[in-house]
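Scroll down for the structure; my scribbles are underneath it.
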Amino acid sequence: MSNLDAAGTYTLGDRTVKRLGYGAMQLTGPGVFGPPRDHDAALAVLREAIAQGVNHIDTCDYYGPHVTNLLIREALHPYPDDLVLVTKIGARRGADKSWLPAYAPDELKAAVHDNLRHLGLDVLEVVNLRIMFDTHGPAEGSIEPTLTVLAELQRHGLIRHIGLSNVTPTQIAEGRKIANIVCVQNQYNLAHRADDALIDDLARDGIAYVPFFPLGGFSPLQSSTLNEVAARLDATPMQVALAWLLRRSPNILLIPGTSSVAHLRENLAVAALVLPDEAIARLDRIDAGRAG
Ligand SMILES: NC(=O)c1ccc[n+]([C@@H]2O[C@H](COP(=O)([O-])OP(=O)(O)OC[C@H]3O[C@@H](n4cnc5c(N)ncnc54)[C@H](OP(=O)(O)O)[C@@H]3O)[C@@H](O)[C@H]2O)c1
4 MSNLDAAGTY
14 TLGDRTVKRL
24 GYGAMQLTGP
34 GVFGPPRDHD
44 AALAVLREAI
54 AQGVNHIDTC
64 DYYGPHVTNL
74 LIREALHPYP
84 DDLVLVTKIG
94 ARRGADKSWL
104 PAYAPDELKA
114 AVHDNLRHLG
124 LDVLEVVNLR
134 IMFDTHGPAE
144 GSIEPTLTVL
154 AELQRHGLIR
164 HIGLSNVTPT
174 QIAEGRKIAN
184 IVCVQNQYNL
194 AHRADDALID
204 DLARDGIAYV
214 PFFPLGGFSP
224 LQSSTLNEVA
234 ARLDATPMQV
244 ALAWLLRRSP
254 NILLIPGTSS
264 VAHLRENLAV
274 AALVLPDEAI
284 ARLDRIDAGR
294 AG
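My numbering runs 3 ahead of the 1-based position in the sequence shown.
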């Protein structure tokens, strides 16, 4: 039993994962591009995650590109039996570090095969389709043509389960008519709560919600309320932000990203952090756009 068990587990596809996982995006070079500054330090973060009991790692082949998948393979292959690697397709990187859609059937198929090769797998456990109508947030538009290609790759046995990322409730409803959707990965944190109703709807249907940028991503969370609550609990603001997410809904799985072993340990220690109701009430009042 690892310390992470205190945070509980949730179903992802037909696997059970601990609610505290790890997101690998921060392991690349600056701007999620190129190799890490310190290759061995990146491997150490991944190995420490496993040593601490993490069994859910989020990645994709366009981080770097290819960098995080190759690091994961180097650090962890052959993989522990209980490890669930979740990847995503639907985007690619321009030479100028831009984030571009990659939706053509050939691009989607190539992305699945690239992920399999770089991760050293025969089948991908969960693949999120990353919708790119607007890179920065969900935007309406049919996902049917793209998701149909993914569902076909699933029928061919290359993908076990399908998730959706950067999507609206309408797109999720459309997607669920085409494939069994096991998780949704959208931006959500203490100060960005557009998905509040969606999270509750997904929880009722047993679908995992995996917030990206749980700590604010490229703009780390800043809030005097968060700082005050953390100080009273003898915790860090980032720990309190993660603990609030764990309390928010049982279907939330955390994948905080870090390039640092010290931050990783700090983030995983949240499993043992209990937020009093009074702290939750104060944190609940932190609104998007005016955190404080
Ligand atoms: N589906 C999508 O479109 C999408 C988009 C973005 C991300 N993701 C996934 O979501 C995961 C999480 O998102 P993210 O990594 O971008 O953002 P995040 O987890 O919100 O924040 C990461 C940032 O917080 C810092 N940090 C982490 N732990 C800390 C701690 N204990 N104290 C202080 N600073 C800390 C990291 O810096 P250090 O490296 O210095 O710790 C990094 O700058 C990613 O790794 C990726 O797998 C998915």
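Heads up, the beta-carbon is just placed ideally off N, CA and C, and yes, glycines get one too.
Proximity test, residue i beta-carbon vs ligand 1 heavy atom, cut-off 6 Å
i, result
"Leu49", "no"
"Asn230", "no"
"Gln188", "yes"
"Gln55", "no"
"Asp61", "yes"
"His139", "no"
"Gly24", "no"
"Pro259", "yes"
"Ser145", "no"
"Pro226", "Per the sequence shown, the amino acid found at residue 226 is Ser instead of Pro. Ser226: no, Cβ never under 6 Å from ligand 1."
"Met135", "no"
"Ser168", "yes"
"Glu128", "no"
Inter-residue CB distance, residue i and residue j (contact presumed, cutoff 8 Å)
i, j, result
"Ile134", "Leu167", "7 Å"
"Asn192", "Leu224", "6 Å"
"Ala154", "Ile181", "6 Å"
"Leu127", "Ile162", "5 Å"
"Met241", "Leu218", "5 Å"
"Leu7", "Leu271", "6 Å"
"Ala275", "Ala9", "5 Å"
Spatial neighbours of residue i in its chain, beta-carbon cut-off 6 Å, leaving aside the 5 residues before and after
i, result
"Phe215", "Gln188 and Gln190"
"Gly160", "none"
"Ala78", "Leu46, Leu49 and Arg50"
"Cys63", "Thr90 and Lys91"
"Phe136", "Ala142 and Gly144"
"Gly292", "Model confidence at Gly292 stands at a pLDDT of 47, short of 50, so the residue's coordinates are unreliable; what they give is reported in the following sentence. No residues qualify anywhere along the chain."
"Gly11", "Arg22"
"Gln174", "Ile146"
"Ala294", "Because Ala294 sits at a pLDDT of 40, beneath the cut-off of 50, its placement in the model cannot be relied upon, and the following sentence gives the value as read from the coordinates. So the qualifying residues of the chain are Ala194 and Ser226."
Nearest neighbour of residue i, chosen from the options [CA to CA]
i, options, result
"Lys21", "Val213, Val170, Lys112 and His121", "Val213"
"Leu30", "Ala282, His266 and Asp287", "His266"
"Tyr66", "Ala78, Ala47 and Pro33", "Pro33"
"Leu205", "Tyr13, Ser5, Val115 and Asp280", "Tyr13"
"Val152", "Ala284, Ala105, Leu7 and Thr173", "Ala105"
"Ile255", "Glu269, Glu231, Ala234 and Asp208", "Asp208"
"Met28", "Lys91, Arg18, Ala54 and Ala10", "Lys91"
"Pro3", "Val87, Leu132, Gly97 and Trp102", "For the chain, the structure presents residues 4 to 295; residue 3 sits outside this window and is missing."
"Arg268", "Gly11, Gly56 and Val35", "Gly56"
"Arg96", "Asp198, Phe36, Pro172 and Leu15", "Phe36"
"Pro172", "Ile210, Leu111 and Ser252", "Ile210"
"Ala54", "Val87, Asp61 and Ser5", "Ser5"
"Gly140", "Asn169, Asp117 and Ala94", "Asn169"
Sequence-distant residues of its chain with Cβ nearer than 7 Å to residue i (five each side left out)
i, result
"Glu147", "Glu177 and Ile181"
"Val264", "Ala47, Val48 and Glu51"
"Thr239", "Ala233 and Glu269"
Within 7 Å, strictly: CB atoms of residue i and residue j
i, j, result
"Val99", "Asn58", "Checking the displayed sequence, the identity of residue 99 turns out to be Asp instead of Val. No, these two residues do not count as a Cβ contact at 7 Å."
"His121", "Asn72", "yes"
"Ser227", "Ile289", "no"
"Val115", "Val89", "no"
"Thr138", "Trp102", "yes"
"Ala24", "His80", "A quick correction: the sequence has Gly, not Ala, at residue 24. Their beta carbons are not under 7 Å apart, which means Gly24 does not touch His80 by this criterion."
"Gly260", "Gly26", "yes"
"Leu15", "Val87", "yes"
Residues near residue i in its chain [Cβ-Cβ closer than 8 Å; skip 5 each side]
i, result
"Leu286", "Leu193, Thr228, Leu229, Val232, Val243, Trp247 and Leu278"
"Leu119", "Asp125, Val126, Leu127 and Leu161"
"Pro38", "Thr31, Gly32, Gly67 and Val70"
"Asp17", "Arg163 and His164"
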